[in-house]
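Participant: Each protein sequence line maps, in turn, to chains E and S.
According to our numbering, the stretch in the first sequence is residues 157 to 533, in order.
According to our numbering, the stretch in the second sequence is residues 1246 to 1420, in order.
Ideal Cβ positions, reconstructed from N, Cα and C, are used throughout, including at glycine.
Have a look at this one.
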Amino acid sequence: MIIPNYRLGPIDLVTLLPYIAMLCIIGFILAIVPLLIWIERVVISLMQDRIGPNRVGPRGLLQTIADGIKLFFKEDIQPRAVDVRIYYLAPVLAMIPALTAGATLPFSTVRFRMEDGSVQTFPMVVGNVNIGILFILAMASLQVYGIILAGWSSNNKYSLLGGLRASAQVISYELAMSLAILSAVLMSGSLNLVHVVEAQMNGFWNWNLFAYPPLGFIITVIYLISMVAETNRAPFDLPEAESELIAGFHTEYSSMKFAMFFMGEYASMLVVSGVAVSLWFGGWTSPLPLLDFIPGFIWFLVKLFALFFVYVWLRASLPRLRYDALMNLGWKRMLPTALVILFLIACWNTLRTPQAQDANPVSEITMAPARAAEGER
Amino acid sequence: MLNDYLPVLVMMAVATVIAVGMVVGSYLLGPKKPSRFKQSSYECGMTPVGTARERFPIKFYLIAMLFIIFDIETIFLYPWAVTFAGSERAVKLFNLAEMAIFVGILFVGYFYILWKGAFDWDEGQREDAEQPSRKIFEPRAPIRFGNESSGEVRLKAAADVSSSPTEESSRLTHV
Chain E
157 MIIPNYRLGP
167 IDLVTLLPYI
177 AMLCIIGFIL
187 AIVPLLIWIE
197 RVVISLMQDR
207 IGPNRVGPRG
217 LLQTIADGIK
227 LFFKEDIQPR
237 AVDVRIYYLA
247 PVLAMIPALT
257 AGATLPFSTV
267 RFRMEDGSVQ
277 TFPMVVGNVN
287 IGILFILAMA
297 SLQVYGIILA
307 GWSSNNKYSL
317 LGGLRASAQV
327 ISYELAMSLA
337 ILSAVLMSGS
347 LNLVHVVEAQ
357 MNGFWNWNLF
367 AYPPLGFIIT
377 VIYLISMVAE
387 TNRAPFDLPE
397 AESELIAGFH
407 TEYSSMKFAM
417 FFMGEYASML
427 VVSGVAVSLW
437 FGGWTSPLPL
447 LDFIPGFIWF
457 LVKLFALFFV
467 YVWLRASLPR
477 LRYDALMNLG
487 WKRMLPTALV
497 ILFLIACWNT
507 LRTPQAQDAN
517 PVSEITMAPA
527 RAAEGER
Chain S
1246 MLNDYLPVLV
1256 MMAVATVIAV
1266 GMVVGSYLLG
1276 PKKPSRFKQS
1286 SYECGMTPVG
1296 TARERFPIKF
1306 YLIAMLFIIF
1316 DIETIFLYPW
1326 AVTFAGSERA
1336 VKLFNLAEMA
1346 IFVGILFVGY
1356 FYILWKGAFD
1366 WDEGQREDAE
1376 QPSRKIFEPR
1386 APIRFGNESS
1396 GEVRLKAAAD
1406 VSSSPTEESS
1416 RLTHV
């Protein structure tokens, strides 16, 4: 699919592309969250052999939209005990990183016919920056602030415990997560997700999932586990364990502020799934070269929804972990495993690199100033 | 170069506007009928006891401190990984040896923390950790429930009392 003109009247579409991508991402997140909640409820009801939502709209499709509108018009209860400023700040702080984290996530490519008639490919990404994955990690960490401030400012024992648990869990699993991301960076040699995806083009056998078998597969599983723990989803949903903590950090929140925590959670689920797709499953590229005619964003969405289905599947099939088991898994199993696998991948990569044939270019560079000094003498 | 970051900043601004708009919107749109019971802290319908500004387990601080140590270590690994992939074999071998030393030192610290029992979350494991001769990969102690465990505590106390009669009174009050 080639867009014939890179200009739309006086507007240069190429410079406008990041802003179009921005609108796509924010609009997609805001629009898709009700659909995701509906999918989750329907899939879980099918797995548990019950009917699920079926009243509002066809097959209950409009149920979550009705819930959202209802929440908007609900009373904004402000309990007396809360720390008012932080209580209002917390949902905002939970929402901003969730919406912003997708900024460095490429989800498609666009091909423009340029002025001189040549066709150029541009990635659809808000910030095509060379620290892409670090930005996403930073935003994922910032989300903890919203949760822990919500738990603390509520001045409710359940909220406090939920906030503490959430923060301890998120930071514990972030280590395994960043080590897993690191091994993908090692495979591709760049922090820019566009380059990481481009290194996995032309067929599913080039995906990082199948690189360095079976190390790539193991590290992908480690990433997927820590991704679920990072977003506080079942079976790692201890911060909001209904049976012991009511709702955890958002017990005292009502109306839209409550819904914002939900939206933040689903948005961050989308973002970490998108990172998983880009790092391990080939991003927007098609799994077989003969399917290249299908546009990139469709492949991206297919992979994204497949991962979301895994989330729902896990929630329907696994019981909640005990807290000490959760910490054991994070610190005693996944962190050392990820570190060892990272090191093994580095060793394998070194073995696979062919021996340099001719003169060593690096030593040339280091020698150059010395030679210049000699000439001066 | 910096132009690449401009859309990211714009996106952050748009996200802020959306988030603030949602809070303000629901604040303005919803009805306001405050009452004493509605505004009390939620504690399963009971009258709330005290505030939540109390002490909480030290373990959370410990996890946060350990996180800082290991997170900085992963941050050190990032530039290494980026330069590693592009270099040639001799340079890679050198980098690999360097990183082996770095990760080796890190693992010494890791196993020390593990041996000290900082990763053992529950009380049963923590008691074991105070003994210096504890093996690192010891199987978990079986979990005890309710009456069983209280029975165990009493037995242990009785044994202690028989060995040191001077501490008798304090032990008994503790039980």
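Within 8 angstroms, do at least three Cβ pairs link the region 390-409 of chain E to the region 330-341 of chain E?
Facilitator: A contact between stretches requires three or more CB pairs, one per stretch, nearer than 8 angstroms, and the region 330-341 of chain E fails this requirement with the region 390-409 of chain E.
Participant: Mind listing the chain E neighbours of Arg1298(S)? Cutoff is C-beta to C-beta under 8 angstroms, in chain order.
Facilitator: Per Cβ cutoff of 8 angstroms: Asn311.
Participant: At which residues does the beta strand (DSSP E) containing Ser264(E) begin and terminate?
Facilitator: Bounds of the beta strand (DSSP E) holding Ser264(E) are 264-269.
Participant: Using the three-state DSSP reduction, which class does Ile1358(S) fall into: helix, strand or coil?
Facilitator: helix
Participant: Compare the Cα-Cα distances from Lys230(E) to each of Phe1364(S), Leu1273(S), Gly1362(S), Ala1297(S) and report the closest residue.
Facilitator: When each option's Cα is compared against that of Lys230(E), the closest is Leu1273(S).
Participant: Is the CB-CB distance between Leu331(E) and Thr1319(S) below 8 angstroms?
Facilitator: yes
Participant: For Ala1363(S), verify whether its CB is less than 7 angstroms away from any heavy atom of the ligand ZN.
Facilitator: By its list of ligands, the structure shown contains no ligand whatsoever, and the ligand ZN lies outside what it can speak to.
Participant: Got a sec? Which residues, its chain only, sit under 6 angstroms from Gly438(E) by beta carbon, not counting five neighbours each side?
Facilitator: Gln356, Trp363
Participant: Going along chain S, which residues have a C-beta under 8 angstroms from Tyr243(E)?
Facilitator: Going along chain S, no residue has its Cβ under 8 angstroms from Tyr243(E), so there is no contact; the nearest lies around 10 angstroms.
Participant: For Phe1321(S), report the span of its alpha helix (DSSP H) as first-last.
Facilitator: Looking at the DSSP string, the run of the alpha helix (DSSP H) that includes Phe1321(S) is 1304-1331.
Participant: Please classify Met333(E) as buried or exposed, where buried requires at least 16 other C-beta atoms within 10 Å of its C-beta.
Facilitator: Met333(E) comes out buried.
Participant: Looking at Phe414(E): is its Cβ nearer than 8 angstroms to the Cβ of Leu192(E)?
Facilitator: no
Participant: Select from Ile188(E), Phe278(E), Ser310(E) the residue whose C-alpha is nearest the C-alpha of Glu1288(S).
Facilitator: Distances from the CA of Glu1288(S) to each of Ile188(E), Phe278(E), Ser310(E) were compared; the closest alpha carbon is that of Ser310(E).
Participant: What does Ile303(E) pair with, by DSSP beta-bridge criteria?
Facilitator: Its beta-bridge partners do not exist; DSSP assigns none.
Participant: Return the first residue and the last residue of the alpha helix (DSSP H) that Gln219(E) is part of.
Facilitator: 219-228
Participant: DSSP has Phe366(E) in a bridge; who is on the other side?
Facilitator: Under the DSSP definition of a beta bridge, Phe366(E) lacks any partner.
Participant: Identify whether Val353(E) lies in helix, strand or coil by the three-state DSSP scheme.
Facilitator: helix
Participant: Report yes if the C-beta distance between Met178(E) and Val266(E) is below 8 angstroms; otherwise report no.
Facilitator: no
Participant: So with CB distances below 8 angstroms, who are the chain E contacts of Phe1305(S)?
Facilitator: Leu320, Ser323, Ala324
Participant: Pick from Ile200(E), Tyr301(E), Ala294(E), Thr493(E): whose alpha carbon is nearest that of Leu470(E)?
Facilitator: Selected option, being the one with the closest Cα: Ile200(E).
Participant: Quick one: any contact between the region 320-330 of chain E and the region 1295-1315 of chain S, if contact means 3 or more CB pairs under 8 angstroms?
Facilitator: yes
Participant: The alpha helix (DSSP H) with Thr506(E) in it runs from where to where?
Facilitator: 491-508
Participant: Confirm, please, whether the CB-CB distance from Ile374(E) to Met490(E) is below 8 angstroms.
Facilitator: no
Participant: Taking all protein chains shown into account, do 16 or more other C-beta atoms lie within 10 angstroms of the C-beta of Trp487(E), making it buried, or fewer, making it exposed?
Facilitator: buried
Participant: Give me, in chain order, the residues of the same chain whose beta-carbon lies closer than 6 angstroms to that of Gly216(E); leave out the 5 immediate sequence neighbours on both sides.
Facilitator: Pro209, Asn210
Participant: With distances taken between CB atoms, is the gap from Ser411(E) to Leu227(E) smaller than 8 angstroms?
Facilitator: yes
Participant: If we call anything under 8 angstroms between Cβ atoms a contact, is Tyr467(E) one with Thr407(E)?
Facilitator: The criterion of a C-beta distance shorter than 8 angstroms is not satisfied by Tyr467(E) and Thr407(E).
Participant: So which residues on chain E does Met1344(S) lean against when the C-beta distance must stay under 8 angstroms?
Facilitator: Phe499, Ala502
Participant: Beta-carbon within less than 7 angstroms of Ala367(E)'s beta-carbon, same chain only, minus the 5 sequence neighbours each way: which residues are those?
Facilitator: Excluding positions up to five away in sequence, the list reads Met343.
Participant: DSSP has Thr277(E) in a bridge; who is on the other side?
Facilitator: Answer is Arg267(E).
Participant: In terms of alpha-carbon separation, which member of Met280(E), Arg206(E), Leu305(E), Asn312(E) lies closest to Lys1291(S)?
Facilitator: According to the sequence shown, residue 1291(S) is Met rather than Lys. When each option's Cα is compared against that of Met1291(S), the closest is Asn312(E).
Participant: State yes or no: is the beta carbon of Val1255(S) nearer than 8 angstroms to at least one beta carbon in chain E?
Facilitator: yes
Participant: Pairs of beta-carbons, one from the region 431-445 of chain E and one from the region 239-255 of chain E, closer than 8 angstroms: are there three or more?
Facilitator: Contact between the region 431-445 of chain E and the region 239-255 of chain E is absent, with fewer than three C-beta pairs closer than 8 angstroms.
Participant: Is it buried or exposed, Val275(E), if we count other Cβ atoms within 10 angstroms and call 16 or more buried?
Facilitator: exposed
Participant: Looking at chain E, is there any beta carbon in it that lies within less than 8 angstroms of the beta carbon of Val1268(S)?
Facilitator: It does; some Cβ of chain E falls within 8 angstroms.
Participant: Would DSSP call Leu477(E) helix, strand or coil?
Facilitator: Leu477(E) falls in the coil class under three-state DSSP.
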